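Residue numbering for the sequence shown follows the working numbering, starting at 262 and increasing by one per position.
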Amino acid sequence: MITRLNVSMPSEVVSKVKKFTSKRGVSRFLTEAANEKIEKLEREKALEELLAAPPSFKFLKGKNASARWVRELRRTDNKRLKRIWGKRV
């Protein structure tokens, strides 16, 4: 659905918009610009929410914590495979 909108803009901005669009392309240009701005604001809001959230992996603190965690996962996988298949993987 299309809705008409009457907006006030500085004449310099209107001149620049008209410079880069055809006479009938102004609405499309402004729609795309508004969508880009909305997407940017939504990304910023999502990032702020993510940064405000508590950490998901509290146990991964300190230097090389993630590497130690991955090594431990691999070690337990090898134990499991040895138990299942009866050999070292």
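Idealized CB from N, CA, C, for every residue including glycine.
Model, not experiment: these values are computed from the prediction.
| Check | Outcome |
| --- | --- |
| V268 beta carbon less than 8 angstroms from that of V278 | no |
| Distance, A313 Cα to T292 Cα | 32 angstroms |
| Three-state secondary structure (DSSP) of I299 | helix |
| Assumed close pair L321, W330 - CB separation to whole angstroms, cut-off 8 angstroms | 6 angstroms |
| Ranges of the alpha helix (DSSP H) found wholly within the region 273–342, counting only runs of at least 4 | 287–313 |
| Beta-carbon contacts of K324 that lie in its chain and below 6 angstroms, excluding the five residues immediately before and after | none |
| Same chain only: Cβ atoms within 8 angstroms of K298, ignoring 5 sequence neighbours per side | none |
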